[in-house]
Structures are given as C-alpha cells and as structure tokens.
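To keep things clear, I will list the structure first and then write my remarks on it.
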Amino acid sequence: MYFETITKIDESIILWLNAKVGTFIFLDNIAKWIVSDYFVPVCICLTLLFLWFYGKNTIDIMKSQTIVLNSLISILLSNTIIFTSNLLYFRERPYESLDLNLLFYQPTDSSFPANSCTVTTAIATTILLKNTRFGLPLAILVLIFGISRIYAGVHYPSDIVSAWILGILTATIIYYSESLLSRIYNIIFKFTRAIYLS
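Just so you know, we're using this note's numbering here: the sequence shown kicks off at 3 and counts up by one.
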C-alpha cells in the first residue's frame, strides 16, 4: 500500500512536470545542458581540483585538501551503497512505463536511487559542511540538477529525493569520521608534497 501510494505520487508529479517539455524551447535547452553527463560533473571536478591547491598558507591548503579527500571517500561510500541497493532492488525508468517527452538518452541502470544525483549531492554536501563559499553554489546546482532529471523524464521524484538524502547522509558520516581518517590523510599529504602535487 505504501509503495503504491509513492508510485502514484511519483507518476502524477513527473507527468505534470514532463508535460511542460516543448512549451519553452529555451528552458528545454537549459535542461538538456544541465542533465547531461558533463556539465554538473565537470563543474564539481573543477571545484575539487581548485580546492586541492586553494589556501593562503600550508594549513589552509591542508584544510582544503581534506575536503577533497572527504569528497573522494564520500563518492566511494555512496557508490558502494548504490551498487548494493541495485543488487537488491531494480526499478524501471519512468519512460519505460509512462508516455514521456525525453530530453536525455535512455539509461539502462536502476532508476532508484538516482546514481549521479547521489554522488553529486555527497560531494556538494561534503564541501558545504566545511566551506560554504564553494559548497552553497554547488548545493544549489545539485538541487537544480535533480529537478531537471525529473523534468527530462529519466527519474521519478522519489529517486531524486532518496538520492539527496543518501548523499547528505554519506557526506555527514564521512564528516564525523574525519578524525579516524586523519592518519591516512597525513600520509597522503606527505606523499603529494614530496612529488610537488600540493
């Protein structure tokens, strides 16, 4: 009964939102751009690369590099959870059962939870927890990214909401586990400095 209710809500929201596709071509083009496999991931990767070298002194740089390392572990943890989840439960994409106007190619992996949205949320949250200057714009971008994927017809709303929750939880776990990881981080810092990468 619970899953049926969620499914009905999912379908009503995505049908309403996706019905707007074609009404405003300019909006459709922006959505295609945001939903693509390149725009949001590239923005996040460039931010992480910038953060690796960001800081006025050695201590500030190490703080920024800690954010990057936390982000990488968040990616690993979130992908592990998604992989396990997909082994236990596979959900069809909305376009497979509903008549939708697709703005994206047809992915074949499980719709739940939204993989790319989980990972990008985990990274954005990881950065936001330690640096609002860089984290807040990314958090807003990830929010738009998730809504755009519903609009484009490739995810149900619950796929995106669950991805946001999972990404935030993953980042929070890593944030509070940082003290346990500090010894490993220090080894990485020494190594990267030795080869002039920090």
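Just so you know, even glycine gets a beta-carbon here, dropped at the ideal spot from N, CA and C.
- Under a 10 Å Cβ-count criterion, residue 24 is classified as exposed, with fewer than 16 other Cβ atoms of the shown protein chains found around its own Cβ.
- Take residue 68, set aside five residues on each side of it, and the residues of its chain with a beta-carbon closer than 8 Å to its own are 132, 180, 187, in chain order.
- Taken in chain order, the unbroken stretches of alpha helix (DSSP H) that lie wholly in the region 58-106 and span 4 residues or more are 60-90.
- With distances taken between CA atoms, residue 123 lies nearest to 144 out of 144, 137, 92, 45.
- In the three-state reduction of the DSSP assignment, residue 132 falls in the helix class.
- Residue 113 is positioned such that its CB atom lies no closer than 8 Å to that of residue 177.
- DSSP places residue 26 outside both helix and strand once states are collapsed to three, so it counts as coil.
- Within 10 angstroms of the beta-carbon of residue 136 lie 16 or more other beta-carbons, which makes it buried.
- The continuous alpha helix (DSSP H) containing residue 161 extends over residues 159-178.
- Distance from the CA of residue 51 to the CA of residue 71, rounded to the nearest whole angstrom, comes to 11 Å.
- Closest in alpha carbon position to residue 8, among 182, 191, 160, 168, is 160.
- For residue 164, the closest C-alpha among the options 115, 82, 154, 63 is that of 115.
- When the alpha-carbon of residue 73 is set against those of 13, 149, 48, 162, the nearest one is in 48.
- Following the DSSP letters along the chain, one finds residue 43 inside the alpha helix (DSSP H) bounded by residues 41-54.
- Rounded to whole angstroms, the gap between the alpha carbons of residue 156 and residue 195 is 43 Å.
- From the listed residues 42, 173, 153, 43, the smallest Cα separation to residue 14 is found for 153.
- Secondary structure of residue 115 (DSSP, three-state): coil.
- Within a 10 Å sphere around the beta-carbon of residue 170 sit 16 or more other beta-carbons, which makes this residue buried.
- Cβ-Cβ distances below 6 Å link residue 83 to nothing in the same chain once the five nearest sequence neighbours on each side are left out.
- By the beta-carbon neighbour count (other beta carbons within 10 angstroms, threshold 16), residue 12 is buried.
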